[in-house]
Amino acid sequence: MSITDNLKIAGQYCLPKHALSRLVGKLAAAEAGNLTTRVIEAFIKQYQVDMSEALHESPAHYKSFNAFFTRELKPGIRPVVEDAMTLALPVDGTVSQLGPISQGRIIQAKGHDYSARELLGGYEDLVAPFKDGDFATIYLAPKDYHRIHMPLDGVLESMVFVPGDLFSVNPLTAENVPNLFARNERVVATFRTPHGPMALVLVGATIVASIETIWAGNIAPTKEKKVVRWDYTGDEAITLQKGAEMGLFKLGSTVVCLFGPGMLAGFEPHLANGVTTRMGQPFATLAAQV
Numbered sequence: 001m002s003i004t005d006n007l008k009i010a011g012q013y014c015l016p017k018h019a020l021s022r023l024v025g026k027l028a029a030a031e032a033g034n035l036t037t038r039v040i041e042a043f044i045k046q047y048q049v050d051m052s053e054a055l056h057e058s059p060a061h062y063k064s065f066n067a068f069f070t071r072e073l074k075p076g077i078r079p080v081v082e083d084a085m086t087l088a089l090p091v092d093g094t095v096s097q098l099g100p101i102s103q104g105r106i107i108q109a110k111g112h113d114y115s116a117r118e119l120l121g122g123y124e125d126l127v128a129p130f131k132d133g134d135f136a137t138i139y140l141a142p143k144d145y146h147r148i149h150m151p152l153d154g155v156l157e158s159m160v161f162v163p164g165d166l167f168s169v170n171p172l173t174a175e176n177v178p179n180l181f182a183r184n185e186r187v188v189a190t191f192r193t194p195h196g197p198m199a200l201v202l203v204g205a206t207i208v209a210s211i212e213t214i215w216a217g218n219i220a221p222t223k224e225k226k227v228v229r230w231d232y233t234g235d236e237a238i239t240l241q242k243g244a245e246m247g248l249f250k251l252g253s254t255v256v257c258l259f260g261p262g263m264l265a266g267f268e269p270h271l272a273n274g275v276t277t278r279m280g281q282p283f284a285t286l287a288a289q290v
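So for the sequence shown, the UniProt record's numbering puts the first residue at 1; every next one is plus one.
In structure tokens, the structure reads:
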């Protein structure tokens, strides 16, 4: 690793990440008129954001940076794969890792793995259904569309907020910060599907202002910084269809998808580390039901 990369990693440990994230969150929510528009225009230029896909293409439409960052896309711009046996990609992003959950461990990067139990907040009843299952990790870059959608039909069973660090999430930190996804702040949503259990883990990062779900809104840490769990039964157990929006990032980060054992016949062959994804495109094939 280069001296520059070493300095970047060292800086991650020294930064007041939570204070910085709170400050950026306030600035991103501010409605500052022409100043907001200029900031958005500069961001679009810096990260080459494709505004032709946005429901509202003009930067001047957005009253705050958050409104721009969580922008909706034009209807039909991300068609969802219709085949009932094919899962849909949940986000626009880049594949970080995917593969089997082996001995309760998930690959973070070459030479690094972490505990599925830690990822899910330490709850044994949540991690057990994913023993010997499969996972996929997708990183959302600043230019990407930052809403998260369902890979297949599912009924919400639980949500867990896990407080933690706010390291930046990128290939450099994935390769050099141990247990990155199991130590960063995150929201875990578990679902019951017709084909087995599924979890979507929304992982925060430095300057991620907040994570939202469509059923609970903004998920904020408690003053005590404790793990908080909600279980959904009866009328609270909402059903979401494949392709439906389930949450969003404000200055977002990474989604880790977990699937139960034997649920998938396999991920799409072209998906591998570094491959670009588009929400709604084929993700994986379901195993035939016996």
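Even for Gly, the Cβ is constructed at its ideal location relative to N, Cα and C.
Around the Cβ of residue i, are there at least 16 other Cβ atoms within 10 angstroms (buried) or fewer (exposed)?
{"i": "leucine 271", "result": "buried"}
{"i": "alanine 288", "result": "exposed"}
{"i": "lysine 250", "result": "buried"}
{"i": "glycine 93", "result": "buried"}
{"i": "tyrosine 114", "result": "buried"}
{"i": "glycine 154", "result": "buried"}
{"i": "glutamine 97", "result": "buried"}
{"i": "residue 296", "result": "No answer is possible for residue 296: the residues shown for the chain start at 1 and end at 290."}
{"i": "alanine 199", "result": "buried"}
{"i": "threonine 239", "result": "exposed"}
{"i": "phenylalanine 283", "result": "buried"}
{"i": "serine 52", "result": "exposed"}
{"i": "glycine 111", "result": "exposed"}
{"i": "proline 16", "result": "The predicted model places proline 16 with a pLDDT of 46, which falls under 50 and marks its position as unreliable; any figure quoted below should be read in that light. That one is exposed."}
Have a look at the options and flag the residue whose alpha-carbon is nearest the alpha-carbon of residue i.
{"i": "proline 90", "options": "Lys74, Met279 and Thr285", "result": "Met279"}
{"i": "threonine 233", "options": "Leu202, Ser96 and Thr190", "result": "Thr190"}
{"i": "lysine 242", "options": "Lys63, Leu156 and Ala128", "result": "Leu156"}
{"i": "residue 303", "options": "Pro194, Pro163 and Ile101", "result": "Since the displayed the chain opens at 1 and closes at 290, residue 303 lies outside it and no answer follows."}
{"i": "threonine 31", "options": "Gly154, Pro194, Val201 and Tyr62", "result": "Correcting the residue identity first, residue 31 is glutamate in this sequence and not threonine. Ranking Gly154, Pro194, Val201 and Tyr62 by Cα distance to glutamate 31 puts Tyr62 first."}
{"i": "threonine 285", "options": "Thr277, Ala84 and Ser158", "result": "Ala84"}
{"i": "threonine 37", "options": "Ala67, Tyr47, Leu55 and Thr86", "result": "Ala67"}
{"i": "asparagine 34", "options": "Pro59, Gln108 and Phe181", "result": "Pro59"}
{"i": "aspartate 50", "options": "Lys143, Ala28 and Ala42", "result": "Lys143"}
{"i": "threonine 276", "options": "Ala54, Arg105, Val95 and His56", "result": "Val95"}
{"i": "arginine 229", "options": "Ile77, Ile106 and Asp125", "result": "Asp125"}
{"i": "arginine 183", "options": "Arg192, Glu57 and Ala116", "result": "Ala116"}
{"i": "glycine 262", "options": "Glu53, His56, Pro100 and Ser52", "result": "Pro100"}
{"i": "glutamate 57", "options": "Leu27, Tyr47, Leu73 and Phe43", "result": "Leu73"}
{"i": "alanine 141", "options": "Ala109, Met198, Tyr47 and Gln103", "result": "Tyr47"}
{"i": "proline 129", "options": "Phe135, Pro197 and Gly111", "result": "Pro197"}
Looking at the unbroken beta strand (DSSP E) that takes in residue i, where does it start and where does it end?
{"i": "methionine 95", "result": "Contrary to the premise, residue 95 reads as valine rather than methionine in this sequence. Segment 93–100, the beta strand (DSSP E) holding valine 95."}
{"i": "alanine 136", "result": "134–139"}
{"i": "glutamate 212", "result": "210–213"}
{"i": "glycine 154", "result": "154–162"}
{"i": "asparagine 218", "result": "217–219"}
{"i": "histidine 149", "result": "147–149"}
{"i": "proline 142", "result": "No beta strand (DSSP E) contains proline 142, which DSSP labels as neither H nor E."}
Under 8 Å by Cβ, that's how I've got residue i and residue j pegged, so tell me the actual separation to the nearest angstrom.
{"i": "isoleucine 148", "j": "methionine 246", "result": "6 Å"}
{"i": "valine 227", "j": "valine 160", "result": "7 Å"}
{"i": "valine 39", "j": "phenylalanine 65", "result": "6 Å"}
{"i": "leucine 258", "j": "glycine 133", "result": "6 Å"}
{"i": "alanine 54", "j": "arginine 71", "result": "5 Å"}
{"i": "leucine 248", "j": "glutamate 212", "result": "5 Å"}
What are the boundary residues of the alpha helix (DSSP H) that residue i is part of?
{"i": "alanine 128", "result": "Run containing alanine 128: none; DSSP gives neither H nor E here."}
{"i": "alanine 116", "result": "116–119"}
Report the residue ranges of all alpha helix (DSSP H) runs contained in full by the region 30–114; include only those spanning at least 4 residues, in chain order.
-> Restricting attention to alpha helix (DSSP H) runs no shorter than 4 residues, the region 30–114 encloses them at 34–47 and 65–69, ordered along the chain.
Unbroken stretches of the beta strand (DSSP E), 3 residues or longer, contained in the region 221–287 = The qualifying runs are 228–231, 245–250, 254–259, 264–267 and 282–286.
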